[in-house]
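K.L.:
Below is one structure. I have some questions about it.
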Amino acid sequence: MALTAPPSGVTAPRASRRRASFVKIAPYVFLTPFYVVFLLFIAGPTLFAIYLSLHSWAGLGSFSFVGFDNYTNLFTNDDFHAAAGNTAWYVLGALLIVLPLSLGLAAVLNAHGVRWKGFFRTSFFLPIVLSPVIVALLFNILFDTGTGLVNGVLSSVLGVPPVGWLDTPVWAKVTIVLVLIWRYTGYLMIFFLAGLQNIPRELYEAASLDGAGPFRQFSRITIPMLKPVTAFVVVIVLTGTAQIFEEPFILTNGGPGNASLSITQFIFRAAFQRQEFGLAAAAGVLLFIVVFAISRVIASVFGIGKESQ
Amino acid sequence: MNSSQSNPALSRRTFIGMASAAAMVPLLASCAPTTSGVASQESGEVTLNIWSNAPDFTKFFASRAEGLSESGPYDYTIEQLQSDAGDITTKALAAYAANGALPSLLGIEIAQFSRFMKNNIAGEALADLTDEMGAPRDAFYESRVQPYVSDGAIYAMESQFPLVTLYQRTDLYEQLQIPQADTWDDYIKIGGEIFAKHGTSLGVIANDDPTWFGMLLQQRGGHYFDEDGNLAIDSPEAVEVLQLLVDGANNGAFTVVSDFFGGPGTSLLKQNKVAAYFMPDWFNTFILQANAPEQSGLWKLAPLPLFAGGGHTTSVWGGTGFAVSKDIPERDAAIALLSDAYGTEDGQVDRFTQTGYLPTLKSAWDSPTVLEKTDPYLGGQRVMELYATLAPDAPTQYQSENWALLSTELGGAITAALTGRKTPAEAIKDAAASTESQSA
């Protein structure tokens, strides 16, 4: 039997149908990798954490349903209270000290006439690329009460008695905030610098012609024009600092006592030192809810997304 | 009929549903209960995965496996995974939960064993070694068996006997004419005087680490938990010991550092400002020799001062017990190797020779190889003569699933007492109450 081509009237609709269904499926195919990763590593674990927070589980064996017991335990748990208070300290320290400092540094580096800009930018950025282990070791040696360089200098130059930087509850938190300042100011400065460089020079020139001084220019032009960058930086500082782990873990291990314990460290201890995964999950869920709610409030205050609408 | 009807397109809802199901499968699979009753291999080639926190252990097991391959039914190949004590335990627990690649022999640092006591994880994941240690339980020092007991069964065999003694800098003792003290009260008094005159301490403690408190508490005869796992910390012994540390810190007999094992502790060691430490045997190799090789020959061991109110002549702190995974085909081969290496006199003497860890089997202490050992770092001292007198009097450490919780609370209590925010009695009472409330 000879092979004959099918009538063109049959082929055309089939090909067009195939093309049409491919066009419909294509977006899903392209989106699939994202959704698989999202579901596997974000949505799945989140749902599992919520499920786990309602159960008691030691990491092996069966789950036993405990309802909201893990959440109520958190509200009566002294360690969790301490961790929440300390984390609030770190967040406030980062928002009220690191943020203004990085903006100020960025403004200085963006000013005309400043020499060695590249050198300063690199110097300020360097701490963020250093390994946290090295940072912790360094700060441990610097801030030790008996043998630290800081106390040595304070005592020999100013005659100040030794300060328990890492030994006393308040100073331990202060030291961790100092590490945050040292480590993140230069990093956040880069965001502000990028924002500053995008502000048209003409605005400053016009303001100058109208008689506005540097302070007025800063408050009336720079700060409003940096609003989107500031909103972004505030949100990443908030979410990052609320989940702070490395600095207190390596520098003080949450101590002395629980004086510098962060919420993520509390979660780590509950899960991986005490095998209380339900309690750890409840703390994680609670942290997520609080950080998410505050982020939404900040987004709303800064009007993030409103311009695009 | 249009094409969309004949070839129904994937709806968004269907797509998300399918993707969700796909994502949940591995999660749910990972939570599936572990299988049990795996048949154990009886002979032939076998690969043992040894997970531990120190390379010495694996090297030693590998050397024993070589000998055992020639004489026993198994032909061993050793593979290893090494990480720090906490991480290796976490990895192992994750592996047991996921029923993934399991360790054949797992090194469990003593403080980590409490994690296996929660919800009877030890019984679920580890082989019961009670009758498979190579020697009966009473052939070992009970001090080194009890820490790995859960619900009456022994789940690990100890690798070391970390007896606590006084490490003294002989040159500083001579130069500063430091007298020997019989009791801790005298020691603190002498330490205060020496510090006032020369600025040199007779001990170093960390500001929120319960190690030194725990060592002295056990020497005094106190415990964190009793034999049944009940909280026993709120005791006169605990208050006495914490008071001793506070007194020592206040008069300079003890220097307080934020990190004993890190930079501050090490720099203090090298500044010649400390004439003595009270530490277990591993302090010699892991801290002194590693950080201060130039001080070789300047140190010697002496027995601890005693508590006037009673207690032991020594204490113990630290240790790593080796356990065998329960549901693995190589279980019997792993137990054979473990019982040969840790449960026979020959194995324990060999372990002592290769790694320096003190034997836990009583009969191994009679071996001339063990007794005649001299330590060049300690000026050629015949250290085993001292250890041999202390070993039979070593206190026993009782475990509890709340060990980590209490340790954390004690860290806070020690800080509070050292800084004067609480009296030792208040600090201990609060730590006990907080532990009690959180473990309820």
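As given, the protein sequences belong to chains H and A, one line each in that order.
The numbering of the first sequence is numbering that gives the first Met the number 0, which starts it at 0 and goes up by one.
The numbering of the second sequence is numbering that gives the first Met the number 0, which starts it at 0 and goes up by one.
C-beta: ideal position from N, C-alpha, C; glycine also.
1. Taking 8 Å as the CB-CB cut-off, is Thr-254(A) touching chain H?
2. Tell me where the alpha helix (DSSP H) around Ala-426(A) begins and ends.
3. Is it right to say Phe-265(H) is buried, meaning 16 or more other beta carbons lie within 10 angstroms of its own, or is it exposed?
4. In terms of residues, what are the limits of the beta strand (DSSP E) holding Tyr-73(A)?
5. Considering only DSSP beta bridges, list what Arg-320(A) is partnered with.
6. Please classify Ile-120(A) as buried or exposed, where buried requires at least 16 other C-beta atoms within 10 Å of its C-beta.
7. Keeping to the same chain, check which residues put their C-beta closer than 6 Å to that of Leu-385(A); ignore five residues upstream and five downstream.
8. Considering only residues of the region 243-268 of chain H, which uninterrupted alpha helix (DSSP H) runs meet the minimum length of 4 residues and lie entirely inside it, listed in chain order?
9. Between which two residues does the alpha helix (DSSP H) carrying Phe-139(A) extend?
10. So, are the CB atoms of Leu-260(H) and Pro-247(H) less than 8 Å apart?
11. Using three-state DSSP, classify Val-388(A) as helix, strand or coil.
12. Residues of chain A with CB closer than 7 Å to the CB of Asp-209(H), please, in chain order.
13. Apply the 10 Å Cβ neighbour rule to Ala-110(H) and answer buried if 16 or more other Cβ atoms are within range, or exposed otherwise.
14. If you measure beta-carbon to beta-carbon, which residues of the region 138-172 of chain A are closer than 8 Å to chain H?
15. Determine, using beta-carbon pairs with one atom in the region 223-242 of chain A and one in the region 415-431 of chain A, whether at least three such pairs fall under 8 Å.
16. Under 6 Å Cβ to Cβ from Val-382(A), same chain only, skipping five residues before and after it: list those, please.
17. Our contact map puts Pro-161(H) next to Thr-144(H) with C-beta atoms below 8 Å; I'd like the distance itself, whole angstroms only.
18. Since I believe Pro-146(A) is in contact with Gln-398(A) (beta carbons under 8 Å), could you give me their beta-carbon distance rounded to a whole number of angstroms?
19. So, is Val-152(H) buried or exposed, given that buried needs 16 or more other C-beta atoms within 10 angstroms?
20. Assess, as a yes-or-no matter, whether the region 63-70 of chain H is touched by the region 271-291 of chain H under the definition of 3 or more beta carbon pairs within less than 8 Å.
21. Would you mind telling me which residues of chain A sit closer than 8 Å to Leu-136(H), beta carbon to beta carbon, in chain order?
22. Quick check on Glu-201(H): does DSSP put it in helix, strand or coil?
23. Could you name each continuous alpha helix (DSSP H) segment of 4 residues or more that falls completely within the region 325-398 of chain A, going from the start of the chain to the end?
24. Quick test of the definition: if touching needs 3 or more C-beta pairs under 8 Å, does the region 132-144 of chain H touch the region 247-257 of chain H?
25. Shortest alpha-carbon distance to Phe-47(H) belongs to which of Trp-88(H), Phe-276(H), Tyr-27(H), Arg-295(H)?
26. Are the C-beta of Ala-274(A) and some C-beta of chain H separated by less than 8 Å?
27. Does the pairing of the region 92-107 of chain H with the region 185-203 of chain H give three or more beta-carbon distances under 8 Å?
28. Taking buried to mean at least 16 other C-beta atoms within 10 Å of its own C-beta, is Ala-28(A) buried or exposed?
29. Taking the straight line between their C-alpha atoms, what separation do you get for Asn-118(A) and Phe-118(H)?
30. Does Arg-219(H) pass the burial test, meaning 16 or more other C-beta atoms within 10 Å, or should it be called exposed?
P.N.:
Inspection of the coordinates gives the following:
1. yes
2. Where Ala-426(A) is concerned, the enclosing alpha helix (DSSP H) stretches over 423-438.
3. buried
4. 73-81
5. Looking at the sequence shown, residue 320(A) is not Arg but Gly. Beta-bridge pairing links Gly-320(A) to Ile-107(A), Glu-157(A).
6. With a threshold of 16 other beta carbon atoms within 10 Å, Ile-120(A) meets it and is buried.
7. Within its own chain, the residues whose Cβ lies closer than 6 Å to the Cβ of Leu-385(A), once the five positions on either side in sequence are excluded, are Leu-300, listed in chain order.
8. 245-250
9. Per DSSP, Phe-139(A) belongs to no alpha helix (DSSP H) and is neither H nor E.
10. yes
11. One point to set straight first is that residue 388(A) is Thr, not Val, in the sequence displayed. Thr-388(A) falls in the helix class under three-state DSSP.
12. Per Cβ cutoff of 7 Å: no residues; Asp-209(H) is ~54 Å from chain A at best.
13. Exposed.
14. none
15. A contact between stretches requires three or more CB pairs, one per stretch, nearer than 8 Å, and the region 223-242 of chain A meets this requirement with the region 415-431 of chain A.
16. Result list for Val-382(A): Leu-300, Asp-374, in chain order.
17. 5 Å
18. 6 Å
19. exposed
20. yes
21. Gly-261, Gly-262
22. helix
23. 330-341, 344-354, 367-370, 382-389
24. yes
25. Phe-276(H)
26. no
27. With the cut-off at 8 Å, the region 92-107 of chain H and the region 185-203 of chain H touch.
28. Any reading at Ala-28(A) needs caution, since the residue's pLDDT is 49, under 50, leaving its predicted position unreliable; the model's value is listed next. It counts as exposed.
29. When the Cα atoms are used, Asn-118(A) and Phe-118(H) turn out to be separated by approximately 57 Å.
30. exposed
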